[in-house]
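To convert, take the position in the sequence shown, counting from 1, and add 2; that gives the working numbering.
Worksheet: the structure to be examined is printed underneath.
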Amino acid sequence: MTFWILLLIPGLFTLLVSRLVFMTIRIRKTFKNLELENHALLQENQNLHDHLKKTIQIRDDLFGLASHELKTPITSLRSQLELLKRNSQPEVGLIPGSKHLSSTLEASLGQVDRLTKLIGNMLDVTRIGAGKLQLTITSVDLVKLVQKVITSFSVELELAKCSIETHLPDVLIGEWDQGCIEQVIVNLISNAIKYAPSTLLSISAFQTELKTTLKIRDNGPGIPKNKQNIIFNKFECVSSSETCRSLGLGLYICSQIIEKHAGTIHVQSEVGKGTEFIIELPNHSGK
Ligand SMILES: Nc1ncnc2c1ncn2[C@@H]1O[C@H](COP(=O)(O)OP(=O)(O)OP(=O)(O)O)[C@@H](O)[C@H]1O
Ligand SMILES: [Mg+2]
């Protein structure tokens with residue numbers, strides 16, 4: 003009996019020790035995993051916090067810029083309308099001459115257009131930010147679209163003393179979102195008018211079997227090389243503060259629209275030698 007007990011004790015002891023070692027290893031492993039999970043959660047939390055901070059910053063920037071930018075044309079529009087009202091009151095007897103009347107109305111319409119563009123850009127950025135930029139793909143004639151936009155800019159082109167030349171084929175059909183592509187052309191032409199007044203603008207387009215290229219060129223001041231990669235960012239305005247009275251959203255919206263069409267947009271520019279925006283679109287963006 004004593005012999006068996008003496009034989010069992012070291013066996014049981016070894017078993018107990020090995021189980022203890024095994025359990026210690028498992029507990030250590032579990033701790034290590036928990037530590038890793040905790041670290042990952044902390045990192046995720048930090049990322050969420052950074053993202054939230056960035057979003058709040060963007061929202062605040064947008065509100066700040068928007069209220070400033072919306073206030074300027076509204077103030078000017080109000081004083082123009084006030085002047086018209088005052089001069090056209092019968093007791094004042096100052097019926098504005100037709101030249102004065104038409105120039106005041108023209109300036110007012112210009113401010114309304116500026117407001118419409120600003121609000122449109124802000125809505126687009128909000129839609130892009132919320133991932134809600136949806137394309138409606140149809141068959142589009144790019145030549146017709148370019149001509150339509152040029153016609154809609156005829157007053158602005160004249161006021162800015164810009165002339166325009168086009169190098170376009172008769173038709174150029176592709177499958178794109180017409181409204182979005184129109185907006186890209188509008189943004190690029192309005193930039194050319196704003197930043198390159200009194201110069202010749204040139205628009206050309208051509209198509210190969212798979213893709214369509216659209217080039218919009220001006221002979222303005224150009225964009226410095228070190229700024230060319232940032233102009234497509236949100237709220238990026240590289241001109242001096244006197245000439246830049248805008249949100250810096252146009253090119254960001256253009257790049258998002260072109261990206262959504264699986265195309266590319268880039269700039270070629272040299273200071274003093276003008277700027278060219280080059281867009282390449284797959285002929286069938288919906289596929
Ligand atoms: N044709 C151009 N010639 C010179 N600089 C340009 C030209 N187009 C754009 N830029 C520069 O790129 C910046 C970004 O252009 P973008 O169209 O995004 O913004 P914006 O014109 O300043 O404002 P928004 O388009 O929102 O009214 C402009 O502020 C300007 O400095
Ligand atoms: Mg612009």
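Built from N, CA and C at the ideal position, the CB exists for glycine as well.
Practice problem: Return the Cβ separation of ILE183 and LEU159 in integer angstroms, given the expectation that the two are a contact with Cβ distance under 8 Å. | Solution: Position 181 of the sequence shown, counted from the start, is the residue given in the question as residue 183. Position 157 of the sequence shown, counted from the start, is the residue given in the question as residue 159. Not quite, the Cβ-Cβ distance comes to about 20 Å (not below 8 Å), so this is no contact.
Quiz prompt | Length of the line joining the Cα atoms of LYS146 and HIS53 | solution = Translated into the one-based positions of the sequence shown, residue 146 becomes position 144. Translated into the one-based positions of the sequence shown, residue 53 becomes position 51. The alpha-carbon atoms of LYS146 and HIS53 are separated by roughly 42 Å.
Quiz item: Using a Cβ-Cβ cut-off of 8 Å (strictly less than) and excluding sequence neighbours within five positions of PRO199, which residues of its own chain qualify?
Solution: Locating residue 199 in the sequence shown gives position 197, where the first residue counts as 1. The answer, listed in chain order, is ALA162, LYS163, CYS164 and GLY222.
Exercise. Grab me the residues of LYS213's own chain with a C-beta within less than 7 Å of its C-beta, minus the 5 sequence neighbours each way, in chain order.
Key: Within the sequence shown, numbered from 1, the residue matching residue 213 stands at position 211. For LYS213, where only same-chain residues beyond five positions count, the Cβ hits under 7 Å are GLU282, LEU283, PRO284 and ASN285.
Self-check item: Cα-Cα separation between GLN91 and LEU190, rounded to whole angstroms
Solution: For the purposes of this step, residue 91 is identified with residue 89 of the sequence shown, where counting begins at 1. For the purposes of this step, residue 190 is identified with residue 188 of the sequence shown, where counting begins at 1. Near 42 Å, if we compare the C-alpha coordinates of LEU190 and GLN91.
Quiz item: Using the beta carbon as the reference atom, which residues fall closer than 7 Å to any heavy atom of ligand 2, ordered along the chain?
Solution: ASN189, SER192, ASN193, LYS196, SER248, GLY252 and LEU253
Practice problem: Put HIS263 into one of helix, strand or coil per three-state DSSP. | Solution: Looking up residue 263 in the sequence shown gives position 261. Reduced to three states, the DSSP call for HIS263 is coil.
Self-check item: Through-space distance from GLY13 to SER20, alpha-carbon basis
Solution: By 1-based counting over the sequence shown, the position of residue 20 is 18. By 1-based counting over the sequence shown, the position of residue 13 is 11. Taking the straight line from one Cα to the other gives about 11 Å.
Quiz item: Does DSSP put GLN230 in a helix, a strand or coil?
Solution: As a first step, residue 230 must be located in the sequence shown, where it is residue number 228. Here GLN230 sits in coil by DSSP.
Quiz item: What do you reckon, are the CB atoms on LEU83 and LEU103 nearer than 9 Å?
Solution: Mapped onto the sequence shown, residue 83 falls at position 81. Mapped onto the sequence shown, residue 103 falls at position 101. Contact flag unset, no.
Quiz item: What residue does the beta strand (DSSP E) around GLN209 start on, and which one ends it?
Solution: Taking the sequence shown and counting its residues from 1, the one referred to as residue 209 is at position 207. Going by DSSP, GLN209 is part of the beta strand (DSSP E) stretching over 202 to 209.
Quiz prompt | Beta-carbon contacts of ILE225 that lie in its chain and below 6 Å, excluding the five residues immediately before and after | solution = In the sequence shown, counting from the first residue as 1, residue 225 sits at position 223. The residues are SER271 and THR277.
Practice problem: Flag ALA198 as yes when its Cβ comes closer than 8 Å to any non-hydrogen atom of ligand 1, and as no otherwise. | Solution: Counted from its first residue, the sequence shown places residue 198 at position 196. Within the cutoff, so yes.
Quiz item: When the Cα of GLN185 is compared with those of GLU238, GLY274 and SER257, which residue comes out closest?
Solution: Locating residue 185 in the sequence shown gives position 183, counting from the first residue. Closest option to GLN185, Cα to Cα, is SER257.
Quiz item: Any heavy atom of ligand 1 closer than 8 Å to the CB of VAL240?
Solution: Here residue 240 is taken as the residue at index 238 of the sequence shown, counted from 1. Yes, the beta carbon of VAL240 sits closer than 8 Å to at least one heavy atom of ligand 1.
Practice problem: State the Cα-Cα distance for the pair SER156 and LEU44, rounded to the nearest angstrom. | Solution: The residue labelled residue 156 in the question sits at position 154 within the sequence shown. The residue labelled residue 44 in the question sits at position 42 within the sequence shown. Going from the Cα of SER156 to the Cα of LEU44 covers about 57 Å.
Self-check item: PHE237 in three-state terms, based on DSSP
Solution: Indexing the sequence shown from 1 puts residue 237 at position 235. Residue state, collapsed to three classes: coil.
Quiz item: Would DSSP call LYS163 helix, strand or coil?
Solution: Residue mapping note: residue 163 aligns to position 161 of the sequence shown, counting from 1. In this structure, LYS163 counts as coil in the three-state DSSP scheme.
Exercise. Return the Cβ separation of GLN180 and THR140 in integer angstroms, given the expectation that the two are a contact with Cβ distance under 8 Å.
Key: Within the sequence shown, residue 180 is the residue found at index 178, counting from 1. Within the sequence shown, residue 140 is the residue found at index 138, counting from 1. 6 Å between Cβ atoms; contact.
Quiz item: Of all the options LEU120, VAL188, ILE260 and ARG80, which has the alpha carbon lying nearest to the alpha carbon of ALA109?
Solution: For the purposes of this step, residue 109 is taken as the residue at position 107 of the sequence shown. For ALA109, the nearest C-alpha among the options comes from ARG80.
Self-check item: Extent of the continuous beta strand (DSSP E) to which LYS213 belongs
Solution: Position 211 of the sequence shown holds residue 213. Note, LYS213: beta strand (DSSP E), 213 to 220.
Self-check item: Nearest-angstrom Cα separation, counted from LEU8 out to LEU18
Solution: For the purposes of this step, residue 18 is identified with residue 16 of the sequence shown, where counting begins at 1. For the purposes of this step, residue 8 is identified with residue 6 of the sequence shown, where counting begins at 1. Each residue's alpha carbon lies about 16 Å from the other.
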